[in-house]
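Chains A and B, in that order, give the protein sequences. When the letters of the first sequence are read in order and numbered with my numbering, they come out as residues 17 to 137. When the letters of the second sequence are read in order and numbered with my numbering, they come out as residues 64 to 143. To keep things clear, I will list the structure first and then write my remarks on it.
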Amino acid sequence: MYSARRYFIRIALLGLMALLLPFAATTASAADEDQLNALRAQGIVAERFDGYVMVKDNSTGATAQSLVDRVNAERRAIYEARAKAQGVTAADVGKVYAGQIIQKAPKGTWFLNADGSWTRK
Amino acid sequence: MGSREALGLAKEGCVLNRSVRGGVAALLLGAGLAACNPTVKVEAPDKPIVINMNIKIEQEVRVKIEQQAQEDIAKNPDIF
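Rendered as structure tokens:
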């Protein structure tokens, strides 16, 4: 009787976790998406020709830098995987991605060109 | 008479055979020469074809990466 109740509680907890897990994951990525888009639209975080982001305006301090570091690390992993699959360098993959990223980036996003000049979307 | 005629025919046949042999030899020689000439001609445009292939492959890879980029950007809106 007692063990049956414990078993039921365990199952119920597992079910609750299974229900909450995807919800937590989607809200976290949605928050990051909003944060990245907001920082780009405000001109704080800029896109670069090499397919990575950088902090252009230091007024927000460490908040933007930590997001930039995480975004760049995740992008680098994707570029390296695609480069390996196609037999090219990760740097070349990043440059191709940069062209696609700027098309999707929100209005107001700064873009650092290869020659060092800036363009604002 | 009959045997001479036969001989004549045989001779004629021999002449024919000779001309056929000569023709075959000439054909072989011509074929040989013809076979030699195109190989020289083919080798000349060989290099540009190889270069064009390389460019085509690079473009294909670029197009593939662009398509992959569109997929990755759509799948990972939190980092792109």
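Backbone N, C-alpha and C define an ideal beta-carbon position, used for all residues, glycine too.
DSSP-derived helix/strand/coil call for residue i
i	result
A121 (chain A)	coil
N139 (chain B)	coil
Q58 (chain A)	coil
Distance between beta carbons of residue j and residue i, contact taken as under 8 Å
i	j	result
I118 (chain A)	E63 (chain A)	6 Å
E96 (chain A)	A106 (chain A)	5 Å
A130 (chain A)	F65 (chain A)	4 Å
I136 (chain B)	Q116 (chain A)	6 Å
Q102 (chain A)	K138 (chain B)	Their Cβ separation, rounded to whole angstroms, is 18 Å, which puts Q102 (chain A) and K138 (chain B) out of contact at 8 Å.
R98 (chain A)	Q131 (chain B)	6 Å
Cα-Cα separation, residue i to residue j
i	j	result
R86 (chain A)	K100 (chain A)	22 Å
Q81 (chain A)	M70 (chain A)	8 Å
E129 (chain B)	V112 (chain A)	6 Å
L128 (chain A)	W134 (chain A)	5 Å
I60 (chain A)	G67 (chain A)	17 Å
A47 (chain A)	N53 (chain A)	10 Å
R136 (chain A)	E123 (chain B)	30 Å
Q58 (chain A)	G132 (chain A)	20 Å
T125 (chain A)	N74 (chain A)	15 Å
V104 (chain A)	R91 (chain A)	16 Å
E121 (chain B)	L83 (chain A)	34 Å
D108 (chain A)	R125 (chain B)	9 Å
G110 (chain A)	I94 (chain A)	9 Å
P140 (chain B)	G77 (chain A)	23 Å
A114 (chain A)	R56 (chain A)	14 Å
Runs of beta strand (DSSP E) lying entirely within the stretch 70-130 of chain A, each at least 3 residues, in chain order
With a minimum length of 3 residues, the continuous beta strand (DSSP E) runs that stay inside the stretch 70-130 of chain A are 126-128.
Which residues, in chain order, does the stretch 86-110 of chain A contribute to contact with chain B at a C-beta distance below 7 Å?
Listed by position along the chain: V87, E90, R91, I94, R98, Q102, V104 and V109.
Which residues, taken in chain order from the stretch 109-128 of chain A, show a beta carbon closer than 8 Å to some beta carbon of chain B?
So the list reads V109, V112, Y113, G115, Q116, I117 and K120, given in the order they occur along the chain.
Residues of the stretch 122-139 of chain B with Cβ closer than 8 Å to any Cβ of chain A, in chain order
Listed by position along the chain: V124, R125, K127, I128, E129, Q131, A132, Q133, D135, I136 and N139.
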